[in-house]
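Below: one structure, written as structure tokens.
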Amino acid sequence: MLSKANKPTKPKCFVKAVLSSAILASIVIQPAVAEETYIDIFDYQTENALNFEDETGKYGQVKFNLRYRFEMADVADNGRETAYANTLRLRFGYLTPEFYGLQAYGEFEGNVAMQRDYFSPKSDWKGDLGREVIADPQSAELNQMYVTYEGIPDTELKAGRQRINIDDQRFIGAVAWRQMEQTFDSGLITNKSIKNLTMKVGYIGQVQNIWSELDTVQFPFLNVNYKFKGLANISAYGLWLADFDTGQAGRSAQTYGILVNGSPKITKSVKLHYHAEYSYQADYKNNPNSVSLSRYSLMGGASYMGITLKGAVEELGASGGQAFQTPFGTNHKFQGWADKFLVTPKDGVRDINATLTAKPFGVKMAFVYHNFQSVTNSIDYGNEYDFLVTKKFGKHYQLLAKYAYYDAYAVNGNAAYNSALSQNTHKFWLQGSVFF
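First residue of the sequence shown? That's 0 in numbering that gives the first Met the number 0, and the numbers climb one at a time after it.
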């Protein structure tokens, strides 16, 4: 018999979240006035300056990205205080002019913690050890440094530290949601010789994660994608991960999969959405465990007059105490924004979810409901409710408010093995971005 976990002792978090979201919405849906002209002029002058007054890229281009974020994290009954973070992230890069098909790019990334009422366990600066974890450490790093060559027809060669996002980022992604993103020391070949077909072949030797840690791996991968225009997108992939960092051999795995998705337009105002994917994962190289696991993902939905409704299920399997893992994906995108399932629990996870989105007055609004269950041992983990309001202003500015509430179930006889899944969790974000 399952019983509800104790509610957080700070219900004001939810009220603050709702009020802040309402304030943001009231701001962003105001119609544009004459000031927009001045913004356009400023944007044009800034773009020219970053291009060294030459739109052809003759002198290269400076890239600039500034993002402020307030984040709150509150977890019930774990002995830690509510965490608050005010952080400011800067990315500053330079793209060289092209020279006989060669081009280089270098990018610095730094994050400043202006309010330090949070715990940052995997960084040199730990913050407040008595508070909840927020995964935005105060740090600075070389985020990207790569060279590209496009002298071969329909082919791009890229080598160095780079951002890589494959398909929907389930297996390889930059985790762009965090202030310090994940990048890869790798070589990547992209070929488009056949119409509508894109093939990516890559090798990753090191991963710089969101904590600015370096993880040494041997990680070749292959992705082949074919687009049926207006109907379907089909990808087949293989990943062979050997992780040699201390204590990480259990992550070494070979993974194979196929997916098909699309958003065909049925009428002028109606569009369908679908996604179907199957993946298989087995032990590889130095993994001491015997692993043979499956994952599947199904989604169906429709859009009408700017409103979209989707229903989906994703299951990451488990067997013998081992579970299907995706250690280098953008996992925040999947299974709830409260980040309770960044690592798949030993009994696996089945996420049944529904998403409702709309865009009134150019303001994107989204609500997502999740129900989480285990694959083995019949455990109900809990439910999650996620809300999003965001608005872009022109090409270079964006405001965002986001809230996640994980409503846990206490698992009789099982809570001890993963108490984090039995704790109610509130998270709230306010964010503003400028990007050129």
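Glycine included, C-beta positions come from ideal geometry on N, C-alpha and C.
On a predicted model such as this, the values are computed, not experimentally measured, just so you know.
- Ile265 - DSSP class collapsed to helix/strand/coil: Three-state result, Ile265: coil.
Find out if the Cβ-Cβ distance for the pair Tyr404, Asp385 is shorter than 9 Å.
Closer than 9 Å, so yes.
Checklist line | Own chain residues within Cβ distance below 7 Å of Gln114, not counting five before or after | finding: So the list reads Tyr83, Ala84, Asn85, once near-sequence residues are dropped.
For Lys401, the nearest candidate out of Ala419, Ser377, Gly431, Gly393 (CA to CA): Of the candidates Ala419, Ser377, Gly431, Gly393, the one whose C-alpha sits nearest the C-alpha of Lys401 is Gly431.
| task | Give me whichever residues DSSP pairs with Pro219 in a beta bridge. | result | DSSP lists Tyr202 as the beta-bridge partner residues of Pro219.
Task: Helix, strand or coil at Asp385 according to DSSP, with G and I counted as helix - done: Under the three-state reduction of DSSP output, Asp385 falls in the strand class.
Subject >> Sequence-distant residues of its chain with Cβ nearer than 6 Å to Asn224 (five each side left out) >> reply: Cβ neighbours of Asn224 beyond the five flanking positions: Thr197, Ser234.
**Cβ-based neighbour list, Pro326, same chain, cut-off 7 Å, excluding 5 preceding and 5 following** = Annotation for Pro326: Arg250 place their beta carbon closer than 7 Å to its own, counting only its chain and skipping 5 residues before and after.
Quick one: is Asn142 buried, meaning 16 or more other Cβ sit within 10 Å of its Cβ, or exposed? Label assigned to Asn142: buried.
Exercise. Going by DSSP, name the residue or residues bridged to Gly299.
Key: Paired residue(s): Tyr273, Gly310.
Please go through the same chain and pick out, in chain order, the residues whose beta-carbon is closer than 8 Å to the beta-carbon of Ile28, but skip the five residues on each side of it. Residue confidence for Ile28 is low, a pLDDT of 45 falling below 50, so the modelled location carries little weight; the figure read from the coordinates is stated next. Answer for Ile28: Pro359, Phe360, Gly361, Val362, Lys390, listed in chain order.
Exercise. Which residues does DSSP pair with Ile188 in a beta bridge?
Worked result: Ile188 pairs with Leu156, Val200.
- Query: How about the segment 125-138 and the segment 74-83: do they share at least three Cβ pairs that are nearer than 8 Å?
  - Reply: Because the criterion of three Cβ pairs below 8 Å is met, the segment 125-138 and the segment 74-83 touch.
Quick one: residues in its chain with C-beta nearer than 6 Å to the C-beta of Phe442, no 5 flanking neighbours on either side, listed in chain order?
The chain is shown from 0 up to 435; residue 442 falls before or after that span and cannot be answered.
Could you tell me the alpha carbon to alpha carbon distance between Ser262 and Ile306, rounded to whole angstroms? So the two alpha carbons sit approximately 14 Å from each other.
Euclidean distance between Cα positions of Leu297 and Ser278: So the alpha carbons of these two residues sit roughly 12 Å apart.
Assuming the contact rule is C-beta atoms closer than 8 Å, Ser122 and Trp210 should be a hit. Round their C-beta distance to whole Å, please.
Under the criterion of beta carbons closer than 8 Å, Ser122 and Trp210 qualify as touching, at roughly 5 Å.
| query | Relative to the C-alpha of Lys191, which residue among Met179, Gly172, Glu155 is closest? | reply | Ranking Met179, Gly172, Glu155 by Cα distance to Lys191 puts Glu155 first.
Going by DSSP, what residues sit across from Asp214 in a beta bridge?
-> Beta-bridge pairing links Asp214 to Val206.
Check your understanding: What do you get for His425, buried or exposed, if any count of 16 or more other CB atoms within 10 angstroms of its CB means buried?
Key -> Result: buried.
Q.
I'd like to check one pair, Gly150 with Tyr99: are the Cβ atoms closer than 9 Å?
A. It is a contact, given that the beta carbons lie within the stated cut-off.
For Ile193, does the count of other Cβ atoms within 10 angstroms reach 16, so buried, or fall short, so exposed? Classification of Ile193: exposed, given that the 10 Å Cβ count is below 16.
Burial state of Pro136, where buried means 16 or more other Cβ atoms lie within 10 Å | Pro136 counts as buried, since at least 16 other C-beta atoms from the protein chains shown sit within 10 angstroms of its C-beta.
* **Sequence-distant residues of its chain with Cβ nearer than 6 Å to Gln102 (five each side left out)** => Apart from sequence neighbours up to five positions away, the residues of its chain that approach Gln102 with a beta-carbon distance below 6 Å are Thr95, Thr147, ordered along the chain.
Query raised in the report: Which partner residues of Thr45 appear in the DSSP bridge assignment?
Result: According to DSSP, which records beta bridges pairwise, Thr45 is partnered with nothing at all.
Notebook entry, point to check: Hey, would you say Ala387 sits closer than 9 Å to Phe371, going by beta carbons?
Noted result: Here the sequence assigns Leu to residue 387, which means Ala is not the residue at that position. For Leu387 and Phe371, no; Cβs fall outside 9 Å.
Using beta-carbon positions only, say whether Glu106 and Met144 come within less than 9 Å of one another. Yes, they are a contact pair.
| query | With distances taken between CB atoms, is the gap from Asn208 to Thr329 smaller than 9 Å? | reply | Taking 9 Å as the Cβ cut-off, Asn208 and Thr329 do not qualify as a contacting pair.
*Are the beta-carbon atoms of Thr189 and Arg160 separated by less than 9 Å?*
No, they are not a contact pair.
Where does Lys332 fall in DSSP's three states? When secondary structure is reduced to three states using DSSP, Lys332 falls in the helix class.
(request) Alpha carbon to alpha carbon, how far is Gln321 from Ser373? Give it in angstroms, no decimals. (result) Looking at the two C-alpha atoms, the distance is approximately 13 Å.
Which stretch, first to last residue, makes up the beta strand (DSSP E) that contains Asp123?
Here Asp123 belongs to no beta strand (DSSP E), and DSSP marks it neither H nor E.
Does the beta-carbon of Phe434 have 16 or more other beta-carbons within 10 angstroms, so that it is buried, or is it exposed? So Phe434 ends up on the exposed side.
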